[in-house]
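**Student:** From first to last, the protein sequence lines stand for chains A and B.
When the letters of the first sequence are read in order and numbered with this note's numbering, they come out as residues 3 to 514.
When the letters of the second sequence are read in order and numbered with this note's numbering, they come out as residues 20 to 354.
Ideal Cβ placement from N, Cα and C applies to all residues, glycine included.
The structure displayed is predicted, hence computed values, not measured ones.
Below is the structure I would like to discuss, written out as structure tokens.
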Amino acid sequence: MANTIDNKLLFSAKNIDKHYAATHALKGVELDVHEGEIVGLVGENGAGKSTLLKIIIGAESPTSGEMTMHGEPYDPKNPLDANANGIGMVFQEQSLIVSLTVGQNLFFGHEREFSKFGIINWPKVYKEAQQVLEEVDISNINPRKRVNELNFATRQMIEIAKVMNVTRQAGDQKCLILLDEPTSVLSETETKNLFVQMRKIAAKGHAVIFVSHRLDEVLEISDRIYVYKDGASVGMLDTKDASEIKLYEMMVGRTTSSEYYQIDKQSKPQEEVILEASDLGLAGIFKHINLKLHKGEILGVCGVVGSGKEEICEVLCGDEKPTSGELIIKGKKVNFSSPSKGLREGILMIPKERLFEGIVRTLSVQNNIALSNLKKLSKFSFVSAAKVKKQALHWIDQMRIKTNSPKELMIQLSGGNQQKVVFSRALASECDILILNHPTRGVDVGAKEEIYTLVREIAALGKAIILLGDTLDECIGMSNRVIVMKDGLITGEFDSGIYNKPSQVDVVSLMM
Amino acid sequence: MASNKTVDIGKRMRLQEHLMKYFSFSAIVILIIAFSASQQNFLGKANLKTLLSDSAPLIIMSIGMTFILILGSIDLAMGSVCSVANVLTVMVLNDIGPSLSSPVLAAFLALVVSIIFGAFAGVIQGIIHVKLKVPSFIASLGFMSLWQSVALLITEAPVSVAKAMWPAIEWVKVTFGVIGLPLILALIGVAILYVIQNYTTIGRSLYSIGGNERASRIAGISVDKVKISLFVVSGICAALGGYFLAAKLRSSAPRVGDSFTLLIVAAVALGGTSLSGGRGGVLGTVLGVFTVSVIQNGMNFIGVDAYWQNIVFGLFVLAAVAISVDRSVRGLVVK
Chain A
3 MANTIDNKLL FSAKNIDKHY AATHALKGVE LDVHEGEIVG LVGENGAGKS TLLKIIIGAE
63 SPTSGEMTMH GEPYDPKNPL DANANGIGMV FQEQSLIVSL TVGQNLFFGH EREFSKFGII
123 NWPKVYKEAQ QVLEEVDISN INPRKRVNEL NFATRQMIEI AKVMNVTRQA GDQKCLILLD
183 EPTSVLSETE TKNLFVQMRK IAAKGHAVIF VSHRLDEVLE ISDRIYVYKD GASVGMLDTK
243 DASEIKLYEM MVGRTTSSEY YQIDKQSKPQ EEVILEASDL GLAGIFKHIN LKLHKGEILG
303 VCGVVGSGKE EICEVLCGDE KPTSGELIIK GKKVNFSSPS KGLREGILMI PKERLFEGIV
363 RTLSVQNNIA LSNLKKLSKF SFVSAAKVKK QALHWIDQMR IKTNSPKELM IQLSGGNQQK
423 VVFSRALASE CDILILNHPT RGVDVGAKEE IYTLVREIAA LGKAIILLGD TLDECIGMSN
483 RVIVMKDGLI TGEFDSGIYN KPSQVDVVSL MM
Chain B
20 MASNKTVDIG KRMRLQEHLM KYFSFSAIVI LIIAFSASQQ NFLGKANLKT LLSDSAPLII
80 MSIGMTFILI LGSIDLAMGS VCSVANVLTV MVLNDIGPSL SSPVLAAFLA LVVSIIFGAF
140 AGVIQGIIHV KLKVPSFIAS LGFMSLWQSV ALLITEAPVS VAKAMWPAIE WVKVTFGVIG
200 LPLILALIGV AILYVIQNYT TIGRSLYSIG GNERASRIAG ISVDKVKISL FVVSGICAAL
260 GGYFLAAKLR SSAPRVGDSF TLLIVAAVAL GGTSLSGGRG GVLGTVLGVF TVSVIQNGMN
320 FIGVDAYWQN IVFGLFVLAA VAISVDRSVR GLVVK
């Protein structure tokens, strides 16, 4: 790798602070990027990486601090402004419009440049699109193809091509590309290909900021690595001086993850099988799923996005009807047509997207807690307001939910506290089987630990849990047993007892 | 994360709610002062009586629509369901009534027929909306056209209630001071729906579905069942509106409901129910209805042309919705 630190400074951020009411999301963060450099950002979820990227791209503004780009003061009002300054970002969630063609996506919002008297010259669009694609070495894609016909890796490359193209329009200055977890949906070979492209981009003098949870990738591709923890930079390393262990120590401030996931508290599952799926399938998504879940067991399900693990959750909780196979709960064959039927049999899901699926933000905390067991709090379908309140007070106390009153609107709580409300609701429903779909998604580190404690306690009570972890580490750390999925099939199963946790490498090898 | 923003949103939601609550109330006060200052007899007993009795059918229908709007849906067919119930009522009174032992029995039979029809209309509309996933806006638009034609097919021209059957509709004239029996019955309807809204599982589910349908489903609420039941409630309310109007007009009027569709939406929106769903309630709607009634009555009183009146109501709906709509939510306002 070239010694890029001697190159001209392209972008710099100094003393960036960001406050959200009670949360101090960024505390005096520093970042320098030189021309031709690939800089890796690492840190746990909630360490402030995403917030920093959002500030750089202009989606959020910093509370205080200064940024420069090309040596000029830089204060973007919005992402378009950032583009004009030569900064572009590929978002974690894909931002392509899948029903449009590749070419239409590449020049989305810039159609005017190709039009005469309001008529768009499509051949010209596609000709230039071909050139743009060649820049990132994916000339084998026909720009007339619709995006939804392409795989995720290609889509990712198209996003990068799009960002490159937009930023280059700033002139022939060097640009800065932000990549937020670009490899999370890619296979190993696709990732390698992406890295080759990144190197090419850097070789032309552009710079790349690369965010990934996979430390090995960061070590492989970056020139320098910034480590963040709890909203502050805890250090910057030249990649040649860094190692996974060193980075991990800096990130978490701990040398092992066992205390983090409270593995010593992991309880032994009971003998009794509470849920059994045999040959379960959902057309086009997954098939031949056989699994047994015991009382008191935490069963982790690992797999990349698109492996079918999310859909299994949906089928098990009744949101989606399976197209084949059968499901047996407590020895009884069941056939759910809706989650309310599932709830009746004692199975409930804590969904992944809290804001869209987990909470009703227009309702109060107490009404959210009572969502799943309203019937139990009523007589002749008349709801007892006193019972609703009493139940809420019980859980607010038990879960240490920070709220001024049970009548406070849900929307006024922080993410972690909202998630505790969702857990309270699930526990209040007295279900025996809980599906935890990314239970720690988007909550801060403190709340995360509390959730881990809680999950341990729930399991110790004899409830059975199916867990989709936010990270592989979490999934392995928390579970008694882990199943691995790939392309809609179960590709492996590991015991994950206190002393025989499988290595991440072994699990990943079956995922990819 | 982002708690600053969320606190602000919470505050804004509360502020919006208060704004809507006092909007219709202060509108009523201002309008009454303005009308009575310019028109001597506006607050006279005769006009007050007209104003209050005129609002009864609108109250009955608007409280049904309130539930649908809290769900985040809309029922544009209420007006035409009202029309069909209206012609059915007169048909039962005139055609079957004479063969029954008393007009009161005929009145009762007509009531039952109306309610059954309203419930039926609600069930099929609810099923088509919920099971076939046709947006309520389109489903009810289709039924609006359908029931409009059915009403005209049953009775093309208005038919008066036969003189022998007049005792069956006498109740509409019973008054206690300025308050008529229809208004009292309508307010009893309000009380029933208020209890359903605040104290029953279906009422509580109503708010959670309106606030976040997906979350409610995942939480194990029988969303489909609740939605269909509430469409039944709105269907029955619409039919009762038609029954009231038949008694009041002493005649069938196959197009009577058409003009109500806009008035209902205006009343509910003015009453502080959010068209994005999840917020509002029937008590606010009663205030909204009185606002609409005062405007309507006042305009009649000073002799505003009927066509101009519709312009005024159109503007009122737009203003009320613009104030109450939750702009922080992306996507469709009406599901």
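1) Which complete beta strand (DSSP E) runs does the region 59-87 of chain A hold, if anything under 3 residues is left out?
2) Give the residues of chain A in contact with I211(B), contact being defined as C-beta atoms less than 7 Å apart.
3) Considering only the beta carbon of each residue, do N80(A) and G111(A) sit closer than 8 Å?
4) Residues of chain A with a CB under 7 Å from the CB of Y262(B): which are they?
5) Please report whether the beta-carbon of N66(B) lies at a distance below 8 Å from any beta-carbon of chain A.
6) Entirely within the region 345-385 of chain A and at least 3 residues each: give me those beta strand (DSSP E) ranges in chain order.
7) On the DSSP letters alone, give me the boundaries of the beta strand (DSSP E) that Y230(A) sits inside.
8) What in chain A is Cβ-close to T85(B), meaning under 7 Å?
9) Less than 8 Å between the C-beta atoms of V209(B) and I82(B), yes or no?
10) Does D94(B) pass the burial test, meaning 16 or more other C-beta atoms within 10 Å, or should it be called exposed?
11) With distances taken between CB atoms, is the gap from A234(A) to V31(A) smaller than 8 Å?
12) Quick check: the region 176-187 of chain B against the region 101-114 of chain B, are there 3 or more CB pairs under 8 Å?
13) Under 8 Å by Cβ, that's how I've got V134(A) and I179(A) pegged, so tell me the actual separation to the nearest angstrom.
14) Beta carbons nearer than 9 Å to chain B: which residues of the region 359-379 of chain A have them?
15) Given A170(B), which residues of its chain have a CB within under 7 Å of its CB, disregarding the five upstream and five downstream residues?
16) Answer with buried or exposed for W397(A), where buried requires no fewer than 16 other C-beta atoms within 10 angstroms of its C-beta.
17) So for C319(A), helix, strand or coil by DSSP?
18) Whole angstroms is fine: what's the gap from E299(A)'s alpha carbon to G305(A)'s?
19) For S214(A), which three-state DSSP category applies?
20) In whole angstroms, give me the CA-to-CA distance for K323(A) and E151(A).
21) Would you mind giving the Cβ-Cβ distance between N87(A) and M71(A), rounded to the nearest angstrom? I have them listed as a contact below 8 Å.
22) So which residues on chain B does G344(A) lean against when the C-beta distance must stay under 9 Å?
23) Would you report the Cα separation of Q420(A) and R443(A), rounded to the nearest angstrom?
24) Does DSSP put E183(A) in a helix, in a strand, or in coil?
25) Report the CB separation of T304(B) from A286(B) in whole angstroms; it is logged as a contact under 8 Å.
26) At a CB distance below 8 Å, what residues from the region 299-333 of chain A approach chain D? Give them in sequence order.
27) Mind listing the chain B neighbours of P341(A)? Cutoff is C-beta to C-beta under 7 Å, in chain order.
28) I'd like the span of the alpha helix (DSSP H) that includes G317(B), first residue to last.
29) What is the rounded straight-line gap between the Cα of F332(B) and the Cα of L373(A)?
30) For the region 361-376 of chain A and the region 227-240 of chain B, state whether three or more C-beta atom pairs, one from each stretch, are separated by less than 8 Å.
31) Interface residues of chain B around R427(A) at Cβ under 7 Å?
32) Could you tell me which of K231(A), F93(A), H26(A), M480(A) sits nearest to L43(A), measuring between CA atoms?
33) Less than 7 Å between the CB of F162(B) and some heavy atom of the ligand FAD, yes or no?
34) Assuming F335(B) contacts L289(B) (C-beta within less than 8 Å), just tell me the rounded distance between them.
35) What is the rounded straight-line gap between the Cα of H290(A) and the Cα of D34(A)?
36) If you follow the alpha helix (DSSP H) that A466(A) is in, where does it begin and where does it stop?
**Tutor:** The relevant details are as follows:
1) Segments of the beta strand (DSSP E) lying fully in the region 59-87 of chain A: 66-71.
2) Mapped onto the second sequence, residue 211(B) falls at position 192. Annotation: I211(B) has no Cβ neighbours in chain A at a cutoff of 7 Å; minimum Cβ distance is about 13 Å.
3) Translated into the one-based positions of the first sequence, residue 80(A) becomes position 78. Translated into the one-based positions of the first sequence, residue 111(A) becomes position 109. No, these two residues do not count as a Cβ contact at 8 Å.
4) Start at 1 with the first residue of the second sequence, and residue 262(B) comes out as number 243. Simply none; closest approach about 27 Å.
5) Position 47 of the second sequence, counted from the first residue, corresponds to residue 66(B). It does not; no Cβ of chain A falls within 8 Å.
6) Those beta strand (DSSP E) runs which fall completely within the region 345-385 of chain A and span 3+ residues are 349-352.
7) Position 228 of the first sequence, counted from the start, is the residue given in the question as residue 230(A). Per DSSP, the continuous beta strand (DSSP E) segment holding Y230(A) begins and ends at 226-231.
8) Residue numbering aside, residue 85(B) sits at position 66 when the second sequence is read from its first letter. What T85(B) touches in chain A, judged by beta-carbon distance under 7 Å, is nothing: the nearest beta carbon there is about 16 Å away.
9) Working through the second sequence from its first residue, we reach residue 209(B) at position 190. Working through the second sequence from its first residue, we reach residue 82(B) at position 63. Cβ distance < 8 Å, so V209(B) and I82(B) count as in contact.
10) The sequence position of residue 94(B) within the second sequence is 75, counting from 1. So D94(B) counts as buried.
11) Here residue 234(A) refers to the residue found at position 232 when the first sequence is read from its first residue. Here residue 31(A) refers to the residue found at position 29 when the first sequence is read from its first residue. Closer than 8 Å, so yes.
12) When Cβ pairs closer than 8 Å are counted between the two stretches, the region 176-187 of chain B is seen to touch the region 101-114 of chain B, the count reaching three or more.
13) The residue you call residue 134(A) lines up with position 132 of the first sequence. The residue you call residue 179(A) lines up with position 177 of the first sequence. The pair is not a contact, with the Cβ atoms about 14 Å apart (cut-off 8 Å).
14) Going along the region 359-379 of chain A in chain order, one finds E359, G360, I361, V362, R363, T364, L365, N369, N370, A372, L373, S374, N375, L376, K377, L379 with a Cβ nearer than 9 Å to chain B.
15) If you number the second sequence from 1, residue 170(B) lands on position 151. Around A170(B): S99, S102, V103, V106, P273.
16) The residue you call residue 397(A) lines up with position 395 of the first sequence. With 16 or more Cβ atoms within 10 Å of its Cβ, W397(A) is classed as buried.
17) On the first sequence, position 317 is the one that residue 319(A) refers to. Of the three classes helix, strand and coil, the one that applies to C319(A) here is helix, per DSSP.
18) Position 297 of the first sequence, counted from the start, is the residue given in the question as residue 299(A). Position 303 of the first sequence, counted from the start, is the residue given in the question as residue 305(A). Each residue's alpha carbon lies about 19 Å from the other.
19) On the first sequence, residue 214(A) is found 212 positions in, with the first residue counted as 1. Collapsing the DSSP output to three states places S214(A) in coil.
20) Along the first sequence, read from residue 1 onward, the residue named residue 323(A) stands at position 321. Along the first sequence, read from residue 1 onward, the residue named residue 151(A) stands at position 149. Looking at the two C-alpha atoms, the distance is approximately 26 Å.
21) Residue 87(A) sits at position 85 when you count from the first residue of the first sequence. Residue 71(A) sits at position 69 when you count from the first residue of the first sequence. Correct: roughly 5 Å between the Cβ atoms.
22) Against the first sequence, residue 344(A) aligns to sequence position 342. Here the neighbours are G239.
23) Counting from one through the first sequence, the residue named residue 420(A) turns up at place 418. Counting from one through the first sequence, the residue named residue 443(A) turns up at place 441. Going by C-alpha positions, Q420(A) is about 11 Å away from R443(A).
24) As a position in the first sequence, residue 183(A) is number 181, starting the count at 1. Here E183(A) sits in coil by DSSP.
25) Within the second sequence, the letter at position 285 stands for residue 304(B). Within the second sequence, the letter at position 267 stands for residue 286(B). Contact between T304(B) and A286(B) holds: their C-beta atoms lie close to 6 Å from each other, under 8 Å.
26) The displayed structure is made up of protein chains A and B, and chain D is not among them.
27) Position 339 of the first sequence, counting from 1, holds the residue named residue 341(A). The answer, in chain order, is R236, I237, G239.
28) The sequence position of residue 317(B) within the second sequence is 298, counting from 1. 301-320 is the span of the alpha helix (DSSP H), which, as asked, contains G317(B).
29) In the second sequence, residue 332(B) corresponds to position 313, counting from 1. In the first sequence, residue 373(A) corresponds to position 371, counting from 1. Our two residues, F332(B) and L373(A), have alpha carbons roughly 38 Å apart in a direct line.
30) Three or more pairs of CB atoms, one per stretch, sit closer than 8 Å, so the region 361-376 of chain A contacts the region 227-240 of chain B.
31) Looking up residue 427(A) in the first sequence gives position 425. Ordered by position in chain B, the residues that pass the 7 Å Cβ test against R427(A) are A238.
32) In the first sequence, counting from the first residue as 1, residue 43(A) sits at position 41. Of the candidates K231(A), F93(A), H26(A), M480(A), the one whose C-alpha sits nearest the C-alpha of L43(A) is K231(A).
33) The ligand FAD is not among the ligands present in this structure, which contains no ligands whatsoever.
34) Sequence index remark: in the second sequence, residue 335(B) carries index 316 (1-based). Sequence index remark: in the second sequence, residue 289(B) carries index 270 (1-based). The pair is a contact, with the Cβ atoms about 7 Å apart (cut-off 8 Å).
35) Here residue 290(A) corresponds to residue number 288 of the first sequence, with the count starting at 1. Here residue 34(A) corresponds to residue number 32 of the first sequence, with the count starting at 1. One Cα belongs to H290(A), the other to D34(A), and the distance between them is close to 50 Å.
36) Position 464 of the first sequence holds residue 466(A). Element bounds for A466(A): not the alpha helix (DSSP H) but the beta strand (DSSP E), 466-470.
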